[in-house]
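In our numbering, the protein residues as written are 1114 to 1340.
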């Protein structure tokens, strides 16, 4: 699958006898892996440049070398870029950081490169080996654990919690977020569609959080909170 503006493209190895709508087009044989690698470009997000392992880089910026795979978080989605930029604005060296729903580990790795002490957790245990390999590739000392926010609580409290999830899950987790934070702690919440931002804002207000910052890219928003 490939998402383009206003369109979703699906590629199949052979014609399908299915009643799909849309437009069908037969493409010539090509080394698709090589073509995909060629088309995958470095991505900037705040001070970071997100690279695949085959991208040479000697320029400015803080490099994040991430193997594109099944785990979410390659820097090519708006929510990942929003979170990376927010980390650079809000994280102070030496602070303890929780990356909730770590996926590829990109946010935890970025936090470590900024001088934070990062823990990444994910309910999908299958993504953790890739996250660990990405951390090793970046020389980042990050701990990864299977589980959700409840499993992370014994390892806290945290000065900064970053979570790239979705609006309904943020609303569900809102009562737990204060338990994860140290005094003066902050939350960076993204994965939130603009049309659903009010769900998160209402839930966070009920828990006594103050909105520090709201950033938008495309149809996605990031909400930064303090308590």
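The C-beta atom is built at its ideal place from N, Cα and C for all residues, glycine as well. On a predicted model such as this, the values are computed, not experimentally measured, just so you know.
Distance between residue j and residue i (C-alpha atoms, nearest Å)
i	j	result
residue 1206	residue 1228	4 Å
residue 1138	residue 1122	11 Å
residue 1212	residue 1311	23 Å
residue 1323	residue 1330	21 Å
residue 1248	residue 1217	9 Å
residue 1345	residue 1320	In the structure displayed, the chain extends from 1114 to 1340; residue 1345 sits before or after that span and is not available.
residue 1273	residue 1177	20 Å
residue 1163	residue 1210	20 Å
residue 1165	residue 1190	15 Å
residue 1170	residue 1327	32 Å
residue 1256	residue 1250	14 Å
residue 1231	residue 1307	28 Å
residue 1157	residue 1195	11 Å
residue 1153	residue 1175	18 Å
residue 1202	residue 1239	31 Å
residue 1318	residue 1261	22 Å
residue 1237	residue 1325	30 Å
residue 1160	residue 1278	23 Å
residue 1309	residue 1180	31 Å
residue 1316	residue 1233	24 Å
residue 1340	residue 1286	15 Å
residue 1172	residue 1197	19 Å
residue 1182	residue 1155	15 Å
residue 1284	residue 1263	15 Å
residue 1208	residue 1333	27 Å
Beta-carbon proximity check, residue i vs residue j, cutoff 8 Å
i	j	result
residue 1199	residue 1335	yes
residue 1343	residue 1265	What is shown of the chain runs 1114 to 1340, which leaves residue 1343 out entirely.
residue 1304	residue 1215	no
residue 1294	residue 1276	no
residue 1338	residue 1282	no
residue 1298	residue 1270	yes
Expected contact under 8 Å - CB spacing of residue i and residue j to nearest Å
i	j	result
residue 1235	residue 1259	7 Å
residue 1204	residue 1224	6 Å
residue 1219	residue 1254	Not confirmed; about 15 Å, so no contact.
Test: residue i CB closer than 8 Å to a CB of chain D
i	result
residue 1172	Among the chains of the structure shown, chain D does not appear; only one protein chain is present.
Assess contact between the region 1289 to 1296 and the region 1237 to 1250, defined as three or more Cβ pairs (one per stretch) separated by less than 8 Å. Is contact present? no
Alpha helix (DSSP H) runs contained entirely in the region 1233 to 1295, provided each spans 4 or more residues: 1241 to 1250, 1262 to 1265, 1280 to 1286 and 1290 to 1293
Which parts of the region 1294 to 1338 are runs of the beta strand (DSSP E), unbroken and 3 residues or longer, counting only runs that do not cross its ends? 1294 to 1306 and 1323 to 1330
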